[in-house]
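In our numbering, the protein residues as written are 301 to 367.
Please read the structure below before turning to the comments.
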Amino acid sequence: MSPNYEILHFAVHGELKEDDPLGSGLLLAGEGEENGQLSAREMFSLHLKADTVVLSACETGLRLSRS
């Protein structure tokens, strides 16, 4: 993922993990031994210079269940 784009738009499948919300993420195409998942935990560590990032994925509107 390049840090040089001003706008990033992801329209992909998403996965919600209620037991580990930071493990939730976007499902991208994998390559080699990489499964292609970009977790919320990994997103926080990205150093992007984008002014705008759009995340559009299935399961993004789900809410965590309350116990």
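For each residue, glycine too, the CB sits at the ideal point set by N, CA and C.
Quick caveat: nothing in here was measured; it's all calculated off a predicted structure.
Residue i to residue j span [Cα, whole Å]
i    : j    : result
S324 : N304 : 25 Å
For residue i, the first and last residue of its enclosing beta strand (DSSP E)
i    : result
E315 : I307 to E315
A340 : Per DSSP, A340 belongs to no beta strand (DSSP E); it is in the alpha helix (DSSP H), A340 to F344.
G355 : According to the sequence as given, residue 355 is Leu; it is not Gly. Looking at the DSSP string, the run of the beta strand (DSSP E) that includes L355 is T352 to A357.
L326 : G325 to L327
Buried or exposed (CB count within 10 angstroms, at least 16 for buried), residue i
i    : result
L326 : buried
Contact check, residue i vs residue j, beta carbons under 8 Å
i    : j    : result
L338 : L328 : yes
L322 : V353 : no
A311 : S345 : no
D351 : E306 : yes
Any non-hydrogen atom of the ligand NAD within 7 Å of residue i CB
i    : result
G332 : As presented, the structure is devoid of all ligands, the ligand NAD included, so that no description of it is given.
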